[in-house]
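Engineer: Numbering (the working numbering), first residue to last: 14 to 133.
Here it is, written out as structure tokens:
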């Protein structure tokens, strides 16, 4: 199992986290590159802006996974209301995630590297 978590801030304060399981149909994660598009909303809040702060990838099991690039984009075109700007994380860790046991987890954390702001 491979999961990603994205932490972001808004003008309403606090940090929000969205967690997703990376599981495309077919042979995802079996060589080559894979891309994932996720939707996440903040229930009950009308925010004026959002900024991606940091993100994590975690792998469970012993099958090994090379994490070459980890990119997060919050773009205007994917919003349900008009928006401008962009907020991103663009990392190239080039590291293996792997474990000694089938139920162990290995993690990669980008640190606080988010850049930019999406305005509504």
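Yeah, the Cβ is synthetic: ideal placement off N, Cα and C, and Gly gets one too.
Just so we're clear, the structure is a prediction, and the values are computed from it rather than from any experiment.
(1) If you check the beta carbons only, do residue 100 and residue 65 fall under 8 angstroms apart?
(2) Could you give the first and the last residue of the continuous beta strand (DSSP E) run that contains residue 15?
(3) Counting only runs that start and end within the segment 57-96, where is the beta strand (DSSP E) found for 3 or more residues in a row?
(4) Rounded to a whole number of angstroms, what is the C-alpha to C-alpha distance between residue 123 and residue 50?
(5) Can you tell me whether residue 75 is buried or exposed? The criterion is at least 16 other CB atoms within 10 Å of its CB, across all chains shown.
(6) When we look at the beta-carbon of residue 55 and count the other beta-carbons within 10 Å, is it buried (16 or more) or exposed?
(7) Let me know the secondary structure DSSP gives residue 52 once reduced to three states.
(8) Buried or exposed: where does residue 97 fall if 16 or more other Cβ atoms within 10 Å of its Cβ makes it buried?
(9) Whose C-alpha, out of 131, 26 and 72, is nearest the C-alpha of residue 88?
(10) I need the straight-line Cα distance from residue 31 to residue 91, nearest angstrom please.
(11) Just reading off the beta strand (DSSP E) that residue 119 is part of, what are its end residues?
(12) What's the C-alpha gap between residue 14 and residue 60?
(13) With a CB to CB cut of under 6 angstroms and the five nearest residues on each side skipped, what residues in its chain are close to residue 34?
Structural biologist: Let me lay it out:
(1) Numbered from its first residue, the chain shown carries residue 100 at position 87. Numbered from its first residue, the chain shown carries residue 65 at position 52. Yes, these two residues count as a Cβ contact at 8 angstroms.
(2) Here residue 15 refers to the residue found at position 2 when the chain shown is read from its first residue. From DSSP, the beta strand (DSSP E) with residue 15 extends over 15-23.
(3) 62-73, 78-80 and 83-87
(4) On the chain shown, position 110 is the one that residue 123 refers to. On the chain shown, position 37 is the one that residue 50 refers to. If I take the Cα positions, the gap works out to 19 angstroms.
(5) Position 62 of the chain shown, counted from the start, is the residue given in the question as residue 75. When all chains shown are included, residue 75 counts as exposed.
(6) Residue 55 sits at position 42 when you count from the first residue of the chain shown. Classification of residue 55: exposed, given that the 10 Å Cβ count is below 16.
(7) Translated into the one-based positions of the chain shown, residue 52 becomes position 39. Here residue 52 sits in coil by DSSP.
(8) In the chain shown, counting from the first residue as 1, residue 97 sits at position 84. Answer is exposed; the Cβ neighbour count stays below 16.
(9) Sequence index remark: in the chain shown, residue 88 carries index 75 (1-based). Nearest C-alpha to residue 88: 131.
(10) Position 18 of the chain shown, counted from the first residue, corresponds to residue 31. Position 78 of the chain shown, counted from the first residue, corresponds to residue 91. Residue 31 and residue 91: Cα-Cα distance of roughly 16 angstroms.
(11) Stepping through the chain shown from its first residue, residue 119 is reached at position 106. That run of the beta strand (DSSP E) goes 118-122.
(12) In the chain shown, the residue the question calls residue 14 occupies position 1. In the chain shown, the residue the question calls residue 60 occupies position 47. Each residue's Cα considered, the two are about 33 angstroms apart.
(13) Here residue 34 refers to the residue found at position 21 of the chain shown. Hits under 6 angstroms: 16.
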